Structures are given as structure tokens and as C-alpha cells.
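Colleague: Same order as they appear, the protein sequences are chains A and B. Residue numbers for the first sequence follow this note's numbering, so the first one is 85 and each next one is one higher. Residue numbers for the second sequence follow this note's numbering, so the first one is 11 and each next one is one higher.
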Amino acid sequence: MESHITTKEFLHVDRLSYSYHTLAGETTALKEVSFHVSEGQFLAIVGPSGCGKSTLLSLIAGLIKPDTGSIYINGKDTKNSGLNIGYMLQKDHLLDWRSTLRNVALGLEIQHKYSDQSMVIINHLLETYGLISFIDSKPMELSGGMRQRAALIRTLLLQPDILLLDEPFSALDYQTRLEVSDDICKIIRKENKTAVLITHDIAEAISTADKVIVLSNRPASVKKEIEINLTSKDDSPLQKRLAPEFSTYFNLIWKELTSV
Amino acid sequence: MTHRIKKEDFLSASAIHQAYLKRYQKRVTKIRIAQWIIFLSFLILWELSTRAGWLNSFIFSSPSRVVKCFTDMAKDGTVFYHIGITLMETFISFGLVIGIGLLVAVLLWWNESVAKVLEPYLVVLNSLPKSALAPVFIVWLGNNMKTIIVAAVTVAVFGTIITLYTNFNSTEQDKYKLIYTLGGTKKDVLFKVVLPGNLPSIISCMKVNIGLSLVGVIIGEFLAAKAGLGYLIVYGSQVFKLDWVIMSIVILCIVATALYGILSYVERKVRRRQ
Chain A
85 MESHITTKEF LHVDRLSYSY HTLAGETTAL KEVSFHVSEG QFLAIVGPSG CGKSTLLSLI
145 AGLIKPDTGS IYINGKDTKN SGLNIGYMLQ KDHLLDWRST LRNVALGLEI QHKYSDQSMV
205 IINHLLETYG LISFIDSKPM ELSGGMRQRA ALIRTLLLQP DILLLDEPFS ALDYQTRLEV
265 SDDICKIIRK ENKTAVLITH DIAEAISTAD KVIVLSNRPA SVKKEIEINL TSKDDSPLQK
325 RLAPEFSTYF NLIWKELTSV
Chain B
11 MTHRIKKEDF LSASAIHQAY LKRYQKRVTK IRIAQWIIFL SFLILWELST RAGWLNSFIF
71 SSPSRVVKCF TDMAKDGTVF YHIGITLMET FISFGLVIGI GLLVAVLLWW NESVAKVLEP
131 YLVVLNSLPK SALAPVFIVW LGNNMKTIIV AAVTVAVFGT IITLYTNFNS TEQDKYKLIY
191 TLGGTKKDVL FKVVLPGNLP SIISCMKVNI GLSLVGVIIG EFLAAKAGLG YLIVYGSQVF
251 KLDWVIMSIV ILCIVATALY GILSYVERKV RRRQ
């Protein structure tokens, strides 16, 4: 476990605020949210539904601009330097009319980075993550887990500095969800990526992350930061669910979420 | 209903399944027979009643007169000339409708403000009976093919724009987000998601439009033409050559079915590729 946590501050979110404007009025979604993530660390953010979790991720991804506050990567303000992020959405959003190969290559294609070298890397990743025999298959022929793996490979090929996961397992049924989250987390650990996961599932947060942040009701602010240290024989999420400290963390986070 | 059962599939099936397939085949055959009975009895009744003098064959024509009229006109080639003119006008109009429709729909999708501004105009133009415009086009453009094509384009183009634009806009917002998070721009959203994702709806739009273009061309030919099937129908009815009129209508039935068939074939090809 400890090996993932380095002291180096990688992503730093500094007093981020954001409001939505509609004709009905102004809704403050985030209020002075600050936290940081070290390199290679896996952070999970939990919060009551509708508290502004997805907004926070969209801000980090640069899809929307904050009203106030800044985001730093390696100490550099992303306003100036930009940020190479990988984003995983709730659904895999593989394009039905593309083969697995052309789906995973979509990002490279868009950024005009597709080269002969890419084919070697794609083949290697598809091989490693059990999709090589489905390279010419259409998404409809893949299982839910295979689809999420393909979506992750599509993201990883762009070599992002940081992975943002927006409830990527919530569209799956419970059993698939456990398998896929186990799968995806192993891949992220293996590729040694820094990751921020958003979820409303407490068990998922504890079993995947090194650190859990609990957000308050809207407008969201950081209510509590909890470092997760579980004694399990390996760091796969399924194993970690069996750790003796699991229920203690669960109760702690549950209390934080429900207390006003 | 017309799904064909392959012989090897039938032979490899179990006895119970074979019985099911046989029942299915029997039903299909029955339907086919019923269709032919209606068609043939209509033709026979028509022919007999004109021969027996119940119907005036001068006004109602008859199958034998239509066939004779067709063979006569086929000999000197005039019928093919008229069919050719109508087909050419239909294809030009169809091409223009699809081209303009796609272009404008993309433009509206690209710029929401333009779409908002143009919305009431599109709605009015789409619900306006376009045949009302045809006399205006004659005055503006003259008694020629330009008028016919413009008339045909106006019949189909507004509906096409509205349909395509609505379909483009119903693309999942998360797909946009996907492209943006992969570093793409609005152009990438258009070419990687919106257009390929809407290929089926574009083709079904084409299926509707080939028929509408034909309707528009015939309306145009009624009013401003020196050739074509629509011209034959109007001219024939004016000089009481009902054989021409009926023959042209029969040919139109066949042409419309054939054009629709071609696009259904293209649709199946594309479906399979996808």
C-alpha cells in the first residue's frame, strides 16, 4: 500500500468555487474546495448525490472554467500550461460503428498522434488486457467489462498525467460492477497512474483508493479527508473489501456523509 | 414477412423446427397468392367491363389499350424519352435536396443562434403547401426545367432540414464530452460522432425524399413542362388521350417502387457494414 503514496504533491486544487446560472437563479455548486493528490496516488471523492461531484471533475478536466480558485499540476497553474487528462465517463461510449481497434485509437486519431508506433502499443495493451481476439469486433459483441477496459485503453493511449473517473462503473449491474472495478483499478495501479475517482458507493471508494475525500451537501466543500490503510494480501479492490479495517472506514465515512 | 428460408438451414433443422418453418412458408405463399389474385382480378374486371361496354373505354382506357399504347410509344422511343426526362429531374432534385438539407442541417447544428433565428421560417415554409409556390416559380424562372427542379426541391428540402437537424441534436451530450475529453474540437464531434452516428437517419431521410422529389417533379411538370410523365398526364387528359394518362400513372408506380427499392438496398448494405 505505502508504495503508492509519495510525498510529492502532484495535483493541487486550490479554493475552487463554481456557480450555475439559470433563469430561475444562481446555484452555487462548489465553495472553496481544496485538496491535493500525490503522484501515483488513487483518490476517491464521495458525497451526497447532487452535491457537485461531477462539476468538480469537469473543472479539473478543463471542460468548464472555475469562478475563482486554481488547479496546479506539478506546481504549475493549468490555466497557462494546460493539463493532459484522461477522463472516463459513466458509460463507456464506445462508438457502435467502430471496431475495438478504431475505438481505442479514437483519441490518437483526434489528436493526430496515430503512427506506426501506436499500432505496436495498441496491440500490446489489447494483448495485456485480454481484448486482442476482439480487435475487429464491434462494441455490441463485447461484454460490459470488456467495453470498460476498451474505454480505459482509449484513455491510456493518450498517456494522460492524471485519470479522472466519473462513476465509471455505475451503469453496470452489481456483479459486473465488482469485477470491472477490480479490473480497472488493477490496470490503473499497474500503469502507475494518478487517479481521481468520483463515486457515491462508499465500499467502492474504500476498496479502490489510497485517500477518500468526503464532500458536504451543496454547495460542496471538503468535509473530511481520510487516508485509507488496509491490511490485505494484495491491493486488488476485491481483496481489500475483506480487510478487517474495512467496516471501520465504512462507518466513519457513512457518519460523515449523513451528519449535517 | 418475406424472409427467405435457406435450403441448408431447413435440412439441418430438427423435425419440430422443420414443421414450424413449413407453416411459415405456407403462410408466406398464401399471402403472395392473395396479392396476385387481387391484382389479376382487378385487371381482368377492368378489361372485361370495357369490352362488355359497362365502362367507356375512351374515358377509362383498359389494360389492353394501355399495353398497346406503351408498345406503340416504345417503338418510336417517345415513352423512354418522357421517362428519362422525369427520372433526370427527379435525380437532380433529390441530389440537391440531400446536399442542401445536409449542409443547412450541419450549419444549424454548428451554430445554435442561427438555428434559433431561422426556426420560425423553417416551420412556416415546411407547413406551407409547396404547390402554391409553383405558379410563382413559373413567373420568376420561366416555363422550363429550372422551375420543375426548384418546385421539387422546395417540396422536400424544408422537411429534410428539420428532420436532420433534430436528429443531429439528439446525439447524446456525453458523446460530445467524450470527444472534448479526448482533446477534440467541435469539428471532431461533427465528423467522428454526429455524422457517422446519424448515417441510418440520413439514409431513411433519403428514402422519404426520393419519393417526395418524384412528387415535386410531377407537380412541376403539370405546370411547366414540354416533356416528362407529368406532362404526358396533363396533356393526355386535356386532349382526351386517357391511354397516355393511365400508362403514365402505371409507369410512375413502377418508377417510384424501383427508386424506393434502390434506396432500401443501399440501406441494407450500410446496415450490414455497420
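All C-beta atoms in this analysis are idealised placements derived from N, C-alpha and C, irrespective of residue type, glycine included. Nothing here was measured: the structure is a model prediction, and the numbers come from that model.
Jot down the residue ranges of each uninterrupted beta strand (DSSP E) in the stretch 268-308 of chain A, minimum 3 residues, whole runs only, in chain order.
Modeller: Listed in chain order, they are 278-283 and 295-299.
Colleague: For Lys115 of chain A and Gly134 of chain A, I'd like the C-alpha separation in whole angstroms.
Modeller: Residue mapping note: residue 115 of chain A aligns to position 31 of the first sequence, counting from 1. Residue mapping note: residue 134 of chain A aligns to position 50 of the first sequence, counting from 1. Taking the straight line joining both Cα atoms gives about 14 Å.
Colleague: Considering only the alpha carbon of each residue, which of A:Leu314, A:Lys317 and A:Val296 lies closest to Glu340 of chain A?
Modeller: Counting from 1 along the first sequence, the entry for residue 340 of chain A is found at position 256. When each option's Cα is compared against that of Glu340 of chain A, the closest is A:Val296.
Colleague: If Ala235 of chain A and Leu215 of chain A are in contact, beta carbons under 8 Å, what's the gap, nearest whole angstrom?
Modeller: For the purposes of this step, residue 235 of chain A is identified with residue 151 of the first sequence, where counting begins at 1. For the purposes of this step, residue 215 of chain A is identified with residue 131 of the first sequence, where counting begins at 1. Not really, about 11 Å apart at Cβ, beyond 8 Å.
Colleague: Would you please verify whether the beta carbon of Leu192 of chain B is less than 8 Å from any beta carbon of chain A?
Modeller: Taking the second sequence and counting its residues from 1, one reaches residue 192 of chain B at position 182. Answer yes: the Cβ-Cβ gap between Leu192 of chain B and chain A drops below 8 Å somewhere.
Colleague: Might you give, ordered along the chain, the residues of its own chain that have their beta carbon closer than 8 Å to the beta carbon of Thr342 of chain A, omitting 5 neighbours on each side?
Modeller: Stepping through the first sequence from its first residue, residue 342 of chain A is reached at position 258. Cβ within range, chain order: n/a, list empty.
Colleague: Just how far apart, CA to CA, sit Lys85 of chain B and Ser22 of chain B?
Modeller: For the purposes of this step, residue 85 of chain B is taken as the residue at position 75 of the second sequence. For the purposes of this step, residue 22 of chain B is taken as the residue at position 12 of the second sequence. Using only the alpha carbons, I get a separation of about 52 Å.
Colleague: I'd like the ranges of any alpha helix (DSSP H) spanning at least 4 consecutive residues and lying wholly in the stretch 119-147 of chain A.
Modeller: Listed in chain order, they are 137-145.
Colleague: Flag His177 of chain A as yes if its beta-carbon sits less than 8 Å from any beta-carbon of chain B, otherwise no.
Modeller: Here residue 177 of chain A refers to the residue found at position 93 of the first sequence. Output row for His177 of chain A: interface = yes.
Colleague: Any idea what DSSP makes of Ile312 of chain A, helix, strand or coil?
Modeller: As a first step, residue 312 of chain A is located in the first sequence; it is residue number 228 there, counting from the start. Of the three classes helix, strand and coil, the one that applies to Ile312 of chain A here is coil, per DSSP.
Colleague: Determine the direct distance from the alpha carbon of Ser183 of chain A to that of Glu277 of chain B, and round the result to whole angstroms.
Modeller: Locating residue 277 of chain B in the second sequence gives position 267, counting from the first residue. Locating residue 183 of chain A in the first sequence gives position 99, counting from the first residue. Taking the straight line from one Cα to the other gives about 20 Å.
Colleague: What are the boundary residues of the beta strand (DSSP E) that Phe253 of chain A is part of?
Modeller: As a first step, residue 253 of chain A is located in the first sequence; it is residue number 169 there, counting from the start. Taken as a continuous stretch (DSSP letters only), Phe253 of chain A belongs to no beta strand (DSSP E), as it is neither H nor E.
Colleague: Within 8 Å, do at least three Cβ pairs link the stretch 279-287 of chain A to the stretch 244-260 of chain A?
Modeller: Judged by Cβ distances under 8 Å, the stretch 244-260 of chain A makes contact with the stretch 279-287 of chain A, as three or more pairs qualify.
Colleague: Determine, using beta carbons only, whether Ile148 of chain B comes closer than 8 Å to chain A.
Modeller: One-based indexing of the second sequence puts residue 148 of chain B at position 138. Not closer than 8 Å to any Cβ of chain A, the Cβ of Ile148 of chain B fails to qualify, so no.
Colleague: Taking only three categories from DSSP, how would you classify Val97 of chain A?
Modeller: Within the first sequence, numbered from 1, the residue matching residue 97 of chain A stands at position 13. The answer is strand: DSSP assigns Val97 of chain A an E or B state.
Colleague: Who are the near neighbours of Ile213 of chain B in its chain, counting only those whose CB is closer than 8 Å to its CB and skipping five residues on each side?
Modeller: Your numbering for residue 213 of chain B matches position 203 in the second sequence. Same-chain partners within the cutoff: Leu273, Val276, Glu277 and Val280.
Colleague: With DSSP collapsed to three states, give me the class of Leu114 of chain A.
Modeller: Against the first sequence, residue 114 of chain A aligns to sequence position 30. Of the three classes helix, strand and coil, the one that applies to Leu114 of chain A here is strand, per DSSP.
Colleague: I want to see whether chain A comes within less than 8 Å of Ile213 of chain B, judged by CB atoms only; does it?
Modeller: Counting from 1 along the second sequence, the entry for residue 213 of chain B is found at position 203. So, not an interface residue.
Colleague: Kindly indicate which three-state DSSP category Leu143 of chain B falls into: helix, strand or coil?
Modeller: On the second sequence, position 133 is the one that residue 143 of chain B refers to. Coil, per DSSP.
Colleague: Quick check: what's the CA-CA separation for Ala327 of chain A versus Glu193 of chain A?
Modeller: Position 243 of the first sequence, counted from the first residue, corresponds to residue 327 of chain A. Position 109 of the first sequence, counted from the first residue, corresponds to residue 193 of chain A. So the alpha carbons of these two residues sit roughly 43 Å apart.
Colleague: Could you tell me which chain B residues have their CB closer than 9 Å to the CB of Gly346 of chain A, listed as they occur along the chain?
Modeller: There is no way to answer for residue 346 of chain A, as the model of chain A reaches only from 85 to 344.
Colleague: Kindly identify the DSSP beta-bridge partner or partners of Leu247 of chain A.
Modeller: One-based indexing of the first sequence puts residue 247 of chain A at position 163. In the DSSP output, where bridge partners are listed per residue, Leu247 of chain A has A:Gly170 and A:Ala279.
Colleague: Would you give the residue range spanned by the alpha helix (DSSP H) that Gly240 of chain B belongs to?
Modeller: Locating residue 240 of chain B in the second sequence gives position 230, where the first residue counts as 1. First-last of the alpha helix (DSSP H) with Gly240 of chain B: Leu239 to Gln248.
Colleague: Could you give the DSSP three-state label for Ser51 of chain B: helix, strand or coil?
Modeller: Taking the second sequence and counting its residues from 1, the one referred to as residue 51 of chain B is at position 41. Reduced to three states, the DSSP call for Ser51 of chain B is helix.
Colleague: Just checking: is the beta-carbon of Ala145 of chain A within a distance shorter than 8 Å of some beta-carbon in chain B?
Modeller: Indexing the first sequence from 1 puts residue 145 of chain A at position 61. It does; some Cβ of chain B falls within 8 Å.
Colleague: Whole-angstrom Cβ separation of Ala166 of chain B and Asn219 of chain B, contact assumed at under 8 Å?
Modeller: Start at 1 with the first residue of the second sequence, and residue 166 of chain B comes out as number 156. Start at 1 with the first residue of the second sequence, and residue 219 of chain B comes out as number 209. Confirmed, Cβ separation roughly 5 Å.
Colleague: State yes or no: is the beta carbon of Tyr171 of chain A nearer than 8 Å to at least one beta carbon in chain B?
Modeller: Here residue 171 of chain A refers to the residue found at position 87 when the first sequence is read from its first residue. So, interface residue.
Colleague: List the residues of chain B whose Cβ lies closer than 9 Å to the Cβ of Gln195 of chain A, in chain order.
Modeller: In the first sequence, counting from the first residue as 1, residue 195 of chain A sits at position 111. Near Gln195 of chain A (Cβ distances below 9 Å), the residues of chain B are Leu192, Gly193 and Gly194.
Colleague: To the nearest whole angstrom, what separates the beta carbons of Gly230 of chain B and Ala144 of chain B, a pair I think is in contact under 8 Å?
Modeller: The residue labelled residue 230 of chain B in the question sits at position 220 within the second sequence. The residue labelled residue 144 of chain B in the question sits at position 134 within the second sequence. At roughly 6 Å, the Cβ-Cβ gap stays under 8 Å, so Gly230 of chain B and Ala144 of chain B are in contact.
Colleague: Would you give the residue range spanned by the beta strand (DSSP E) that Ser320 of chain A belongs to?
Modeller: Against the first sequence, residue 320 of chain A aligns to sequence position 236. It is not in any beta strand (DSSP E) - Ser320 of chain A carries neither H nor E in the DSSP assignment.
Colleague: Tell me, please, which residues DSSP counts as bridged to Ser154 of chain A.
Modeller: Residue numbering aside, residue 154 of chain A sits at position 70 when the first sequence is read from its first letter. The partner list for Ser154 of chain A (beta bridge, DSSP) reads A:Asp98.
Colleague: Is it the case that the stretch 259-276 of chain A contacts the stretch 99-110 of chain A, given that we only count it when at least three CB pairs across the two stretches are under 8 Å?
Modeller: The stretch 99-110 of chain A is not in contact with the stretch 259-276 of chain A.
Colleague: Once you ignore the five residues that flank Ile206 of chain A on each side, which residues in its own chain have a CB closer than 8 Å to its CB?
Modeller: Mapped onto the first sequence, residue 206 of chain A falls at position 122. Excluding positions up to five away in sequence, the list reads Leu185, Val188, Ala189, Ile237 and Leu241.
Colleague: Which of helix, strand or coil does DSSP assign to Ser202 of chain A?
Modeller: On the first sequence, position 118 is the one that residue 202 of chain A refers to. Reduced to three states, the DSSP call for Ser202 of chain A is helix.
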